[in-house]
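These notes are about the structure you will find just below.
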Amino acid sequence: MSRSTSTPIVGHPGEGVPLSPKEQLKAKIDLLRQDPSKVYKTDVLVVGSGPIGAVFARKLVVDGNKKVLMIDMGEQASKRIGDHRKNSVAVQKDISLFTKLIRDSIIRGELSPLSVPVAEATTQLPPESSWTPELNSDTVPPKNQFILNGQNPEQRPEYNLAASAATRTVGGMAAHWTCCTPRQYPDAFAGGEDIGHRERSDLFTDDEWGDLYAEAETLFQTNVTTFDDSVRQRLVKKILQEAFAAENADRAVQSMPLACKPGKNKKHIDWSCTASILGDELSNPDHKDKPAYSDLLTVLPQTQLDVMLIEDDGTDKGGAVTGAVIVDLETSDEYLVDAERYVICGGTVLTSGIVAQSLFKSELETEDEFGHIGASYLPTLGRYLTEQTMTFCQIVLKKEYVQMVSDNPEDLDEGDDHTISDAVHQHQQDHPDDPLPFPFDDLDPNVYTPFSEKYPWHTQIHRDAFGYGEVPADVDQRLIVDLRFFGYVDPNMYNKITFSATRRDGFGMPQPTFWFSLGKKDIDRSHRMMRDMVDVATSLGGFLPGAEPRHLAPGLALHVCGIYRAGKEVQDQNAKFDLAKTKEDSAVSKEGRVWGVSNLYLGGCGVIPTGNASNPTLTAACHAIAGANQIIKELGN
Numbered sequence: 024m025s026r027s028t029s030t031p032i033v034g035h036p037g038e039g040v041p042l043s044p045k046e047q048l049k050a051k052i053d054l055l056r057q058d059p060s061k062v063y064k065t066d067v068l069v070v071g072s073g074p075i076g077a078v079f080a081r082k083l084v085v086d087g088n089k090k091v092l093m094i095d096m097g098e099q100a101s102k103r104i105g106d107h108r109k110n111s112v113a114v115q116k117d118i119s120l121f122t123k124l125i126r127d128s129i130i131r132g133e134l135s136p137l138s139v140p141v142a143e144a145t146t147q148l149p150p151e152s153s154w155t156p157e158l159n160s161d162t163v164p165p166k167n168q169f170i171l172n173g174q175n176p177e178q179r180p181e182y183n184l185a186a187s188a189a190t191r192t193v194g195g196m197a198a199h200w201t202c203c204t205p206r207q208y209p210d211a212f213a214g215g216e217d218i219g220h221r222e223r224s225d226l227f228t229d230d231e232w233g234d235l236y237a238e239a240e241t242l243f244q245t246n247v248t249t250f251d252d253s254v255r256q257r258l259v260k261k262i263l264q265e266a267f268a269a270e271n272a273d274r275a276v277q278s279m280p281l282a283c284k285p286g287k288n289k290k291h292i293d294w295s296c297t298a299s300i301l302g303d304e305l306s307n308p309d310h311k312d313k314p315a316y317s318d319l320l321t322v323l324p325q326t327q328l329d330v331m332l333i334e335d336d337g338t339d340k341g342g343a344v345t346g347a348v349i350v351d352l353e354t355s356d357e358y359l360v361d362a363e364r365y366v367i368c369g370g371t372v373l374t375s376g377i378v379a380q381s382l383f384k385s386e387l388e389t390e391d392e393f394g395h396i397g398a399s400y401l402p403t404l405g406r407y408l409t410e411q412t413m414t415f416c417q418i419v420l421k422k423e424y425v426q427m428v429s430d431n432p433e434d435l436d437e438g439d440d441h442t443i444s445d446a447v448h449q450h451q452q453d454h455p456d457d458p459l460p461f462p463f464d465d466l467d468p469n470v471y472t473p474f475s476e477k478y479p480w481h482t483q484i485h486r487d488a489f490g491y492g493e494v495p496a497d498v499d500q501r502l503i504v505d506l507r508f509f510g511y512v513d514p515n516m517y518n519k520i521t522f523s524a525t526r527r528d529g530f531g532m533p534q535p536t537f538w539f540s541l542g543k544k545d546i547d548r549s550h551r552m553m554r555d556m557v558d559v560a561t562s563l564g565g566f567l568p569g570a571e572p573r574h575l576a577p578g579l580a581l582h583v584c585g586i587y588r589a590g591k592e593v594q595d596q597n598a599k600f601d602l603a604k605t606k607e608d609s610a611v612s613k614e615g616r617v618w619g620v621s622n623l624y625l626g627g628c629g630v631i632p633t634g635n636a637s638n639p640t641l642t643a644a645c646h647a648i649a650g651a652n653q654i655i656k657e658l659g660n
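Under my numbering, the first residue of the sequence shown is numbered 24, with each subsequent residue one higher.
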């Protein structure tokens, strides 16, 4: 069911002339401002409660002592604000349950596709009792196309990111994510056809990046040791290290950097999420001895940012947000937020849509010839879209490796530490009827090979669960290893997302449409990645039937980047800041502040300007930390 985003206000006082969209918006804000019960006054409005919103909120409250209002379209489904679904004890005992949770999330609408092409109707309905287009001239009516449930008549299937989805739940993507948090590759490629390519941008210096990554890793609890006492973790690393050595491959096999920590019961993992980033003091209602700053954060679930009024007089001074209209989705009541700063990090695509709608209704953008919201005020908004290519397979460990663990588990011990052999022997003693040597509570493997110039893709060699890759019930999951490889796509201004000036999505916001294709180098790189994945996989075992190597649907990585890309200030011939030239190449500063709008910040993967293969969340958090620090500096004490 679609929600109308505005109630028309008709006529100037004493006149019958309809108000313009901007006049309607200003009139609505003025009306709300007259009722104190309809106004939220705060230092900072944070839109979106995912990991990046949590970074902003935590920094602003704890480090800056700022009053923060955080809103999210989804419901709060956990006691702590934005907990991870994998923190369920039941899920950790059977990871396949997480696959079911993801499917349930799709059914509940927490995870929903962004753009669905309209399917041609193939079912003929009874004409006597059903609506069909009537023939009343020689002009053939359009095909029977229903556009309910998020279907988008403009979406061309061949240019769609069909698997791209938005999360609408308190916690955002941090309620579902893998928690893989690698640093991006720091160096420019020295040779080859991609010479000069950078995965990590040069927007910050090396020292600045180092400090930002270190702080982000602390907030996310990133480490590489949580799974090192897993029998299968040691086994997978040993197999691949020996395989690469035999091939003289200059390639590292490492424990995957993961945002998590062991629980009090070491077999229970506390996966990082919005709740852990905020900290118990802010996220847990049962936390004792709360500090004074805990009262500075207010979270409103099932609340949507509809539109911001952005005023810009066209001078070098630039513009500013002068108010934001939010909607209680349960009651449809509208409220005004008056804030010093506005931070939008509600998912890359939805964030862009909020900005596009706000510029359009503030009459800073117009409808273009294609019926889209134009891009004159922020020319790069929606452009330079990148999304990672993905390959996937699942293998069953070779019998010889399983037998080695059974017969000689000490081969997996390190030095004088007998953790692995002790665990295997104890399991064999306790469960003599189990044909496998892996303890029932053995932690799943989490291994990767880092992105490099020779192997320019990010790998995840692990056992996890998504909405795909479910292991058959009659196969022992301890034998299964998943391989997910992620490749980068070169930034291209013609890979973009547009927003309709007239058509709305299910939440009343501008309908997004993807226009995305792979270039020749992207395709060649993806095929090389597939060959590499097959080589790595066959070192470990044979393919699980039904999970043979394949390229996954575009958008399934859920790592859309670049559509409000960060960039550097451009100077004119007099060495002065040139706003127009700066906007030609980027939408925001490295801190996420929108060029030309003094109090509006954007967060999330959309700020990342480079083609990247490594999970981008940690890097997006670096930009968020810089943005929060900048806001704290601007607002002072």
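Backbone N, C-alpha and C fix where the C-beta goes; we use that ideal spot for every residue, glycine too.
A residue is called buried once 16 or more other Cβ atoms fall within 10 Å of its Cβ, and D318, having fewer, is exposed. Positions of the alpha helix (DSSP H) runs, each at least 4 residues long and wholly inside the segment 190–239, cannot be given because no such run exists. Under the three-state reduction of DSSP output, H582 falls in the coil class, being neither helix nor strand.
The DSSP-derived three-state label of L404 is coil. About 6 Å separates the Cβ atoms of R255 and D465, confirming a contact at the 8 Å cut-off.
For H646, the secondary structure class from DSSP, reduced to helix, strand or coil, is helix. If you ignore the 5 residues before and after S399, its C-beta comes within less than 7 Å of the C-beta of E388, all in its own chain and listed in chain order.
Within the segment 559–642, the beta strand (DSSP E) runs of at least 3 residues that lie entirely inside it are, in chain order, 564–566, 623–625. As DSSP reads the structure, L320 sits in a beta bridge with V91. Rounded to the nearest angstrom, the Cβ distance from L281 to L305 is 23 Å, too far for a contact under 8 Å.
Rounded to whole angstroms, the gap between the alpha carbons of K591 and A77 is 26 Å. DSSP places M516 outside any alpha helix (DSSP H), giving it a letter other than H or E. When Cβ pairs closer than 8 Å are counted between the two stretches, the segment 50–69 is seen to touch the segment 78–92, the count reaching three or more.
No Cβ-Cβ contact shorter than 8 Å links T414 with P577.
Boundaries for F461: no alpha helix (DSSP H) harbours it, and the DSSP string shows neither H nor E there. Per DSSP, L435 lies in no beta strand (DSSP E) and is assigned neither H nor E. Take the alpha-carbon of Y63 and the one of Y358: they are about 7 Å apart.
Here V84 has V91, L305, Y316, L319, L320 as same chain residues with Cβ atoms under 7 Å from its own Cβ, once five neighbours each way along the sequence are excluded.
Of the candidates S549, G634, K613, V559, V559 places its Cα closest to the Cα of E270. Sorting K656, S540, A347 by C-alpha distance to the C-alpha of L54 places A347 at the top. In the DSSP annotation of this structure, the continuous segment of the alpha helix (DSSP H) that includes Q264 starts and ends at 254–269. Look at the beta carbons and you see the segment 362–371 touching the segment 615–634: at least three pairs across the two are nearer than 8 Å. Measuring C-alpha to C-alpha distances from L226 to each of E493, A589, I292 identifies A589 as the nearest. By alpha-carbon distance to R364, the top candidate from R221, M93, A644 is M93. In the structure shown, the three-state DSSP call for D453 is helix. Under the DSSP definition of a beta bridge, F522 partners with P535. The three-state secondary structure of S135, taken from DSSP, is strand. Taking 8 Å as the cut-off, the Cβ atoms of E390 and H582 do not count as close.
Residue H550 holds the alpha-carbon nearest to the alpha-carbon of V512 among T525, C296, H550. Within 10 angstroms of the beta-carbon of M516 lie fewer than 16 other beta-carbons, which makes it exposed.
In the three-state reduction of the DSSP assignment, N110 falls in the helix class. Taking H107 as reference, the option from K284, M331, K51, Q174 with the minimal CA-CA separation is K284. Following the DSSP letters along the chain, one finds P285 inside the beta strand (DSSP E) bounded by residues 281–285. N518 is not a Cβ neighbour of C203, given a cutoff of 8 Å.
A contact between stretches requires three or more CB pairs, one per stretch, nearer than 8 Å, and the segment 136–143 meets this requirement with the segment 176–185.
Contact annotation, C645 with Y236: C-beta distance approximately 6 Å; criterion of less than 8 Å satisfied.
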